[in-house]
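Enquirer: Below you'll find the structure I mean.
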Amino acid sequence: MTTEELNKMVADTVRYCLFLDQQKKPIKKGDITKHVTKDYKGISAQIIQLARQKLLDVFGYDLVEVWRMSIKEGHPIRKVDSGTYILHNTLPSNMEIDEKFEDAKVIALLFIILGLIFINRTGLEKGELNSYLNSILPDADPAWRDNVIDKTLVSQLYLEKVKTTTPDGKEIFTYHMGARSELEIGKLRVLEFVSVMFGESKVDPSMLKEVEDEIAAEKAKTVVEEENNNENQEDNQEEETQAKGKAKRKNKKKE
Numbered sequence: 001m002t003t004e005e006l007n008k009m010v011a012d013t014v015r016y017c018l019f020l021d022q023q024k025k026p027i028k029k030g031d032i033t034k035h036v037t038k039d040y041k042g043i044s045a046q047i048i049q050l051a052r053q054k055l056l057d058v059f060g061y062d063l064v065e066v067w068r069m070s071i072k073e074g075h076p077i078r079k080v081d082s083g084t085y086i087l088h089n090t091l092p093s094n095m096e097i098d099e100k101f102e103d104a105k106v107i108a109l110l111f112i113i114l115g116l117i118f119i120n121r122t123g124l125e126k127g128e129l130n131s132y133l134n135s136i137l138p139d140a141d142p143a144w145r146d147n148v149i150d151k152t153l154v155s156q157l158y159l160e161k162v163k164t165t166t167p168d169g170k171e172i173f174t175y176h177m178g179a180r181s182e183l184e185i186g187k188l189r190v191l192e193f194v195s196v197m198f199g200e201s202k203v204d205p206s207m208l209k210e211v212e213d214e215i216a217a218e219k220a221k222t223v224v225e226e227e228n229n230n231e232n233q234e235d236n237q238e239e240e241t242q243a244k245g246k247a248k249r250k251n252k253k254k255e
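Here is the structure:
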């Protein structure tokens with residue numbers, strides 16, 4: 001593969017990611033392989049890494065691989081290496097919700113659901129969620145509400161919907177906080193909403209400490225990743241300088 005072909009694939013991947021982000025659709029590694037790197041096997045990881053750096057340097061977006069829920073031994077668990085990505089804006093946002101969430105009713109519904117999930121701690125079954133929402137939002141159209149939850153909030157990873165099956169064959173759907181909500185809103189902000197909406201008594205002190213510990217751990221992880229990225233960039237620059245030096249020496253010998 002030539003450098004020109006490599007650069008074209010990186011540029012195509014960047015455009016593809018930006019296009020999907022405009023629609024709030026998750027970016028899947030399999031789709032990048034299918035649409036961008038289909039003629040070159042085994043290089044998707046390299047292309048994604050180069051595109052990630054380009055998105056960060058040029059647009060201020062981090063291409064983040066997000067967790068997804070899966071079922072193990074009948075229980076929902078987080079699958080970290082999901083092959084699913086979203087773009088996260090690393091530029092200061094003053095804690096504003098993404099501008100594409102123009103509908104205030106959708107924002108309100110999302111925060112209420114996230115608040116209920118936090119109070120419940122282990123996710124909310126569909127029946128329980130509907131019961132709570134019927135009580136809190138009696139005037140909301142159930143058909144509109146269900147459509148927003150499943151067609152918008154779940155598909156855009158603001159909520160995670162998990163299906164489990166009981167021993168007698170009954171299907172149960174449970175809603176959890178989605179990866180995009182964690183990135184764009186954050187658990188601390190949801191807790192603040194819970195204390196205002198439902199009262200401070202609903203905020204368990206252990207819940208607050210758990211969130212603060214998670215935030216501290218995430219910050220420490222980010223620092224380590226930045227240090228590793230800086231080291232990799234320095235190594236790449238050194239290799240590039242050495243390669244240029246070798247090329248110059250070869251040219252001099254030819255002359």
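Letter by letter, the sequence shown follows residues 1 to 255 in full-length UniProt numbering. C-beta: ideal position from N, C-alpha, C; glycine also. The model shown is predicted, which means the values in this text are computed figures rather than measured ones.
Cβ of L188 within 9 Å of Cβ of H88?
Expert: Indexing the sequence shown from 1 puts residue 188 at position 188. Indexing the sequence shown from 1 puts residue 88 at position 88. Taking 9 Å as the Cβ cut-off, L188 and H88 do not qualify as a contacting pair.
Enquirer: Any idea if Q22 is buried or exposed, counting beta-carbon neighbours within 10 angstroms, 16 or more meaning buried?
Expert: Translated into the one-based positions of the sequence shown, residue 22 becomes position 22. Flag for Q22 reads exposed.
Enquirer: Got a sec? Which residues, its chain only, sit under 6 Å from T152 by beta carbon, not counting five neighbours each side?
Expert: Position 152 of the sequence shown, counted from the start, is the residue given in the question as residue 152. Answer for T152: no residue qualifies.
Enquirer: Going along the chain, which unbroken runs of the alpha helix (DSSP H) with 4 or more residues stay wholly within the region 99-182?
Expert: Listed in chain order, the complete alpha helix (DSSP H) runs (minimum 4 residues) inside the region 99-182 are 104-120, 126-136 and 142-147.
Enquirer: Leaving out the 5 sequence neighbours to the left and right, which residues in its chain are closer than 7 Å to V14 when beta-carbon positions are compared?
Expert: One-based indexing of the sequence shown puts residue 14 at position 14. Only residues of its own chain outside the window of five on either side were considered, and among them A51, K54 and L55 have a CB closer than 7 Å to the CB of V14, listed in chain order.
Enquirer: Measure how close the beta-carbons of G123 and Y175 come, nearest whole angstrom, since I'm counting them as under 8 Å.
Expert: Within the sequence shown, residue 123 is the residue found at index 123, counting from 1. Within the sequence shown, residue 175 is the residue found at index 175, counting from 1. The Cβ separation is near 6 Å, so the contact holds.
Enquirer: Just list the residues that DSSP pairs D62 with in beta bridges.
Expert: Sequence index remark: in the sequence shown, residue 62 carries index 62 (1-based). D62 is bridged to H88.
Enquirer: Is T174 close to chain C, meaning its C-beta is less than 9 Å from at least one C-beta of that chain?
Expert: In summary, chain C is missing from the structure at hand, where a single protein chain is found.
Enquirer: Would you mind working out which of Y85, V196, A108 and L63 sits nearest R145, comparing C-alpha positions?
Expert: The residue labelled residue 145 in the question sits at position 145 within the sequence shown. Comparing Cα positions, the closest option is A108.
Enquirer: Can you grab the Cα-Cα spacing for the pair K163 / E65, in whole Å?
Expert: Position 163 of the sequence shown, counted from the start, is the residue given in the question as residue 163. Position 65 of the sequence shown, counted from the start, is the residue given in the question as residue 65. Each residue's Cα considered, the two are about 22 Å apart.
Enquirer: Report the option in K126, G169, Y85 and D139 whose CA atom is closest to the CA atom of C17.
Expert: Locating residue 17 in the sequence shown gives position 17, where the first residue counts as 1. Y85 is the residue among K126, G169, Y85 and D139 whose C-alpha sits nearest the C-alpha of C17.
Enquirer: Which class does I27 belong to by DSSP, given the choice of helix, strand or coil?
Expert: The residue labelled residue 27 in the question sits at position 27 within the sequence shown. Strand, per DSSP.
Enquirer: Roughly how many whole angstroms lie between the Cα atoms of E128 and R180?
Expert: By one-based count along the sequence shown, residue 128 stands at place 128. By one-based count along the sequence shown, residue 180 stands at place 180. E128 and R180: Cα-Cα distance of roughly 23 Å.
Enquirer: What is the rounded straight-line gap between the Cα of K29 and the Cα of L133?
Expert: The residue labelled residue 29 in the question sits at position 29 within the sequence shown. The residue labelled residue 133 in the question sits at position 133 within the sequence shown. Across the structure, K29 and L133 are spaced so that their CA atoms are roughly 36 Å apart.
Enquirer: Counting only the same chain and skipping the five closest in sequence on each side, list residues whose C-beta sits under 7 Å from that of D40.
Expert: Here residue 40 refers to the residue found at position 40 when the sequence shown is read from its first residue. It should be noted that the sequence gives Tyr, not Asp, for residue 40. Residues M1 of the same chain have their beta carbon placed closer than 7 Å to that of Y40, with the five preceding and five following residues left out of the count.
Enquirer: Would G186 pass as a contact of V154 if the rule is Cβ separation under 9 Å?
Expert: Here residue 186 is taken as the residue at index 186 of the sequence shown, counted from 1. Here residue 154 is taken as the residue at index 154 of the sequence shown, counted from 1. The Cβ-Cβ distance between G186 and V154 does not fall below 9 Å.
Enquirer: With a threshold of 8 Å on Cβ separation, who are the neighbours of P167 within its own chain once the five nearest residues in sequence on each side are excluded?
Expert: Here the question's residue 167 lines up with position 167 in the sequence shown. Result list for P167: empty, nothing under 8 Å.
Enquirer: Less than 9 Å separating the beta-carbons of L20 and I47?
Expert: Residue 20 sits at position 20 when you count from the first residue of the sequence shown. Residue 47 sits at position 47 when you count from the first residue of the sequence shown. Not in contact: L20 and I47 (Cβ atoms no closer than 9 Å).
Enquirer: Is the separation between the beta-carbon of K170 and that of A140 shorter than 9 Å?
Expert: As a first step, residue 170 must be located in the sequence shown, where it is residue number 170. As a first step, residue 140 must be located in the sequence shown, where it is residue number 140. No, Cβ-Cβ distance for K170 and A140 is not below 9 Å.
Enquirer: Starting from the C-beta of H35, find all residues in its chain whose C-beta is less than 7 Å away, skip the five residues before and the five after it, and write them out in chain order.
Expert: In the sequence shown, counting from the first residue as 1, residue 35 sits at position 35. So the list reads Y16, once near-sequence residues are dropped.
Enquirer: Ignore the nearest five residues each way along the sequence and tell me which others in L110's own chain have a CB closer than 7 Å to its CB.
Expert: As a first step, residue 110 is located in the sequence shown; it is residue number 110 there, counting from the start. Result list for L110: L153 and Y158, in chain order.
Enquirer: State the Cα-Cα distance for the pair residue 294 and K8, rounded to the nearest angstrom.
Expert: Any property of residue 294 remains undetermined from this structure, which presents the chain solely from 1 to 255.
Enquirer: Excluding the 5 residues flanking F101 on each side, which residues of the same chain have their C-beta closer than 7 Å to its C-beta?
Expert: As a position in the sequence shown, residue 101 is number 101, starting the count at 1. Because F101 sits at a pLDDT of 47, beneath the cut-off of 50, its placement in the model cannot be relied upon, and the following sentence gives the value as read from the coordinates. Same-chain partners within the cutoff: I107.
Enquirer: Quick check on the burial criterion: 16 or more other C-beta atoms within 10 angstroms. Buried or exposed for T3?
Expert: Position 3 of the sequence shown, counted from the start, is the residue given in the question as residue 3. Flag for T3 reads exposed.
Enquirer: When you compare each of D150, W67 and L63 to A45 by their alpha carbons, which one comes out closest?
Expert: Within the sequence shown, numbered from 1, the residue matching residue 45 stands at position 45. Selected option, being the one with the closest Cα: L63.
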